[in-house]
Every structure is written in structure tokens, then in C-alpha cells.
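Numbering (the working numbering), first residue to last: 406 to 947. The structure appears right after this line, and notes come after that.
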């Protein structure tokens, strides 16, 4: 912190973080909504510059964070609870390096480590002489501001954000640990004679962006020193106008720390849900199957609408409480509405886990059948079935992808009101009265059998003829829940529960030497005009 005196040490002073906002000595500030008023001051320009106390205040600071939670991000920037509430409620628009507060992981599969390098350069403050010589007293009557900026600490802040997306076969915790160690090593890397960095072989395998970060870090002190004149406000000191005039506007009450924490928890839970959605939205299954994509899109749309409504409610009530127009009970009411809503954390978590379970199953089955084209909807199946070059289509069909989701219906109904405070509870149901198709043990055995049969049959016919196509697609069929194999011939479905030809030979107990065994098979029913090749395995032991 800067060594401050006179005005900046007054017991009524509030210290707040600039967050990239252009705040300078003499500027008016409204703590009720954390806004400022450029161009409107209590003094003329000559008075502001005449006795301005300016001193150098060099200092550097280095911090690391392995989290992008709202709490940890605010902590890196020394954001107070009151300012945090305004930011969370959308009252404060951050700028410059403070935009880091808006930089979130887009997926739960991302690992992130942030390095924060901060530097301060100079400190400016108004003198007591200036405070006693008000040039424009009418500002007090306007009641638009509650404080005046009396001191500013200038400097620069740099955030280096390192992201790594975890692959399905990697341990996320291990990846995060390795990334954290590598980033924390940056300040301690030594430079060899020719400027090369001393790194072991494993460290040299990291991406070029990491090497660039190493080089940039070494140059930061020099770069920032060369641009000291471009330093921006980092922290500001605010003096209450009521200490200059009893008739000035004032902040009647603060938002309690406990309520700010509750707001932060709600928004963090929504942010966590958003990351889980992001991971699913980028999955192959979501992009391959139209029904899954549609459900995710509905969820995203209603979720975004709710988040906007919640923040708008905060932006209305926070200034009202601070100005004395409303009590903190109104804020508690908003939090209670959320706790009874279908967007509460445990309901979101349950639906997202179900959606992830469906995606995991689809991903597992399509991976098992890799190399076979996936058609996103039943409409695309027709384009293959009616292809004049194709006689026969064998389709591994997911038959239960199209269904009414009761939870999504609850979300849509819940958002019928125009304002958050008018939202009323609705019946919330996640399941459909029975296990979902991807969690139903009654379906799983048959599905596993079908996928193995289909795979074996497709492998046996690979490259035999261009008249036969094997595909994967969603084809709704309530009579064969889960998955089945569909057979199409000459543009028509011949069998919606096709079982490829199988032959099981009863074990022969004993054969005399010199005897031979003849196996006779019936003709495959659909192979009269097309050549489908079943395969057989005959084992014997002498």
C-alpha cells in the first residue's frame, strides 16, 4: 500500500479497486451503484492541479491461482465485498486487465492456472486546502454522487492465463498439478549465456505459448518501466460528500457480507453448471445426434435467460438497499426465490449428470463402432436408404433418443413471468417415472448384444460390395427400446429388430481319427440378390 497522509488517512475514507475504470482525483463517485461521473467535479481544473500531492510509489507483486472461481478471481484483484456485489449484479463494467474477471473456463474439462504480476508507480492525492475551497457547490444539490475521489494509486497489472484441455484418457487432477508446477517455475527459470532457458527435456515438450510466456515474464519489468507514463489507476480513495456538505447524498447502508457471500455462491453454482454444459456441448455425441443437440440448446437458452433475470434483479435491488429505499430483506427474498426454483444447484446437477450419462453411452457405442458413419437424424437415413446405388442398408439404431424431457419443460414453464420477483414455483421432475433408456438395466444387455453383432457383421462385410451400407443413426422405435439393428432393402425397412445370421454348433464329445465334419447352413434370407457375408468360427481339439 502507498504511504498516505492527510485526506487519504481520514477515518471516513473508503478504498476501492479501480478495475480498469478511469478514476482520477476530483472525480465524483456514487457508492450506491459504484458508478462515476466524468467531467463533473467540485473544483475547477486549476484548483485540482494547483496543490495536487504527487509522489513515487514503486512496488511489485506476484500471485498465482489455480482456480477461476469468482472468489479467487476477486481476491487476485483485491476486490472488496461491496464492489464484488456490484460486479456480480452487473453494475460495474470492468476494463483493461480487470477484464480477467470475465474470463471463465468454457468447459469443465479445462485446467487453468493464472499468474498475476502487479506493479505500482505513483500516488496522487488532493490536499486539505482543496477540500475547503469548493468551486461548484451545486453538485451537492444534485444528489447524484455520494463520494469524491481524493487519491489514486497508479500502476500496471498483467494476467497470464494458462489453459489446458484434459483429454478423456487423462487424469484432470494430475494435469492441473503439472500445469500449476510449470507456471510457478516461470519466475525462477535462469537464463544461460546466450539467453536460452535452462529446462529439462519434459519441460521443453510444452507448447510454444509457454515458452513465449517465459520470455515475456523476463521482459515485463523493463517493458512496464518504459511505459510508466501509461500507468493506470489501480486503487482509489473515496471521501464522503456529507463531510463537505450535510445536504449531500449518502450511502445509507452496506450490503451485509453474508448476503454478498450467498450471491457469490449462487452465481458460482450457475457458472459451474455452465462449464459442465460447455463440455457436453463440445462432445462428439452432441454434434452427431440431433435430438441430443436440441435438448442441450433448449437448456442453454432457458439457463441464459434465467441468469440474466437473476442479475437484473440484483442490479435493481442493490442500489435501492444502499440508498435506503429498500431493506436487505428484499435481497433475501430474491435468494429465496432462487432456492425454490428449478435452477437450484442440486436440480441442475442432477439433470446435467443425466445428460452426461446419455452422452457417455452414445460416445462409448460410437467409439466401439468407429469407422462407421453416424447420421445425425432419421431424415439423413432416408438419403442413404433411397440412394440408387445402394440395395441394402444395415443401421445400428438408437431407438430412444427422442423423448419429452420433464425437467426442460419445468424450466420453460417457470420463466413465464417477465421479472424475477414475479417467478412462481412449478412442479419439478427430473426423471420420467422410470429409469432413462441409457440407465435402464432392462435395455442394456440387449443393447450390448446388438452392438457386438452389428460390429461383427459389418467387419465380415467390409469392402465386399458397394451395394451394402452400414450406418449408425437415431431411429425412434418404442417396440425396441434402447438400440436395435434395422435392415432396409430397396428403400423399405424389412426388419426393425434384425439379428445377423448366427450359428451355434453343439459341442461334439468325441471324433475318431479320419472322420471329417460337414457343416450345412441355410441360405441367409435377405442375400438372394445381395451378397451379405456372415462369418463363422469353428474350433476343434485333437
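Glycine included, C-beta positions come from ideal geometry on N, C-alpha and C. For clarity, every value in this text was computed on a predicted model and none was experimentally measured.
In whole angstroms, give me the CA-to-CA distance for residue i and residue j.
{"i": "residue 459", "j": "residue 556", "result": "10 Å"}
{"i": "residue 519", "j": "residue 584", "result": "10 Å"}
{"i": "residue 625", "j": "residue 427", "result": "23 Å"}
{"i": "residue 852", "j": "residue 888", "result": "5 Å"}
{"i": "residue 792", "j": "residue 779", "result": "16 Å"}
{"i": "residue 510", "j": "residue 752", "result": "22 Å"}
{"i": "residue 491", "j": "residue 877", "result": "51 Å"}
{"i": "residue 457", "j": "residue 631", "result": "24 Å"}
{"i": "residue 683", "j": "residue 826", "result": "28 Å"}
{"i": "residue 504", "j": "residue 463", "result": "24 Å"}
{"i": "residue 507", "j": "residue 731", "result": "29 Å"}
{"i": "residue 455", "j": "residue 564", "result": "36 Å"}
{"i": "residue 820", "j": "residue 448", "result": "49 Å"}
{"i": "residue 533", "j": "residue 473", "result": "42 Å"}
{"i": "residue 483", "j": "residue 521", "result": "12 Å"}
{"i": "residue 450", "j": "residue 650", "result": "21 Å"}
{"i": "residue 548", "j": "residue 498", "result": "22 Å"}
{"i": "residue 740", "j": "residue 440", "result": "24 Å"}
{"i": "residue 538", "j": "residue 718", "result": "41 Å"}
{"i": "residue 496", "j": "residue 720", "result": "6 Å"}
{"i": "residue 593", "j": "residue 615", "result": "14 Å"}
{"i": "residue 431", "j": "residue 530", "result": "9 Å"}
{"i": "residue 879", "j": "residue 765", "result": "16 Å"}
{"i": "residue 869", "j": "residue 619", "result": "56 Å"}
{"i": "residue 424", "j": "residue 475", "result": "15 Å"}
{"i": "residue 486", "j": "residue 617", "result": "35 Å"}
Between which residues of its own chain and residue i is the CB-CB distance below 8 Å, once the five residues before and five after are set aside?
{"i": "residue 580", "result": "516, 569, 571"}
{"i": "residue 727", "result": "436, 437, 438, 656, 657, 658, 659, 660"}
{"i": "residue 743", "result": "671, 715, 749"}
{"i": "residue 678", "result": "708, 750, 753, 754, 757"}
{"i": "residue 953", "result": "A question about residue 953 goes unanswered here, because the residues of the chain that appear run from 406 up to 947."}
{"i": "residue 920", "result": "At residue 920, the pLDDT of 49 sits below 50, so the modelled position is not reliable; the number obtained from the coordinates is stated separately. There are no such residues."}
{"i": "residue 701", "result": "682, 685, 686, 691, 760"}
{"i": "residue 586", "result": "none"}
{"i": "residue 705", "result": "682, 686"}
Take residue i and list the residues in its own chain whose beta-carbon comes closer than 7 Å to its own, dropping the five residues that flank it on each side.
{"i": "residue 445", "result": "433, 544"}
{"i": "residue 612", "result": "Note that residue 612 scores 45 on pLDDT, short of 50, meaning its location in the model is unreliable and no value can be drawn from it."}
{"i": "residue 729", "result": "657, 658"}
{"i": "residue 420", "result": "640, 642"}
{"i": "residue 770", "result": "856"}
{"i": "residue 842", "result": "805, 848, 886, 887"}
{"i": "residue 773", "result": "856, 860"}
{"i": "residue 896", "result": "790, 791"}
{"i": "residue 589", "result": "469"}
{"i": "residue 417", "result": "644, 645, 648"}
{"i": "residue 810", "result": "700"}
Throw me the rounded Cβ distance for the residue i and residue j pair, which I believe falls under 8 Å.
{"i": "residue 481", "j": "residue 422", "result": "Not confirmed; about 11 Å, so no contact."}
{"i": "residue 738", "j": "residue 652", "result": "Actually they do not touch by this definition, with Cβ atoms about 33 Å apart."}
{"i": "residue 681", "j": "residue 757", "result": "5 Å"}
{"i": "residue 494", "j": "residue 723", "result": "5 Å"}
{"i": "residue 881", "j": "residue 783", "result": "7 Å"}
{"i": "residue 798", "j": "residue 874", "result": "5 Å"}
{"i": "residue 807", "j": "residue 696", "result": "5 Å"}
{"i": "residue 844", "j": "residue 762", "result": "6 Å"}
{"i": "residue 703", "j": "residue 828", "result": "In fact, because the Cβ distance is near 18 Å, the residues do not count as touching under 8 Å."}
{"i": "residue 767", "j": "residue 803", "result": "7 Å"}
Quick one: what's got a C-beta closer than 6 Å to residue i's C-beta in the same chain, skipping five residues either side?
{"i": "residue 524", "result": "465, 560, 561, 629"}
{"i": "residue 479", "result": "489"}
{"i": "residue 675", "result": "712"}
{"i": "residue 902", "result": "885, 889"}
{"i": "residue 663", "result": "none"}
{"i": "residue 527", "result": "461, 462, 559"}
{"i": "residue 912", "result": "Interpretation of residue 912 is limited by its pLDDT of 48, a score under 50 that renders its predicted location unreliable; the figure taken from the coordinates is listed afterwards. Here the set comprises nothing."}
{"i": "residue 823", "result": "none"}
{"i": "residue 745", "result": "830"}
{"i": "residue 699", "result": "none"}
{"i": "residue 899", "result": "892"}
{"i": "residue 735", "result": "722"}
Residue i CB to nearest chain D CB: under 8 Å?
{"i": "residue 426", "result": "Within the model displayed, chain D is absent; a lone protein chain is all it includes."}
Problem - Length at least 4, wholly inside the segment 774 to 807: the alpha helix (DSSP H) runs in chain order - result: 783 to 790
Problem - Validate contact between the segment 711 to 722 and the segment 643 to 650 using beta carbons, cut 8 Å, 3 pairs - result: no
Problem - Segment contact, 8 Å Cβ cut-off, at least three pairs: the segment 690 to 707 with the segment 499 to 514 - result: no
Problem - Segment contact flag, the segment 658 to 671 with the segment 847 to 867, C-beta cutoff 8 Å, min 3 pairs - result: no
Handout entry: In chain order, each beta strand (DSSP E) run of at least 3 residues that lies wholly inside the segment 416 to 462
Key = 419 to 422, 432 to 435, 440 to 446
Problem - the segment 858 to 874 touching the segment 824 to 838, judged by at least three CB pairs closer than 8 Å - result: In short, these stretches do not touch, since the Cβ pair count stays below three.
Problem - Segments of 4+ residues assigned as alpha helix (DSSP H) that fall wholly inside the segment 599 to 680 - result: Unbroken alpha helix (DSSP H) runs of no fewer than 4 residues, entirely contained in the segment 599 to 680, are found at 606 to 609, 613 to 631, following chain order.
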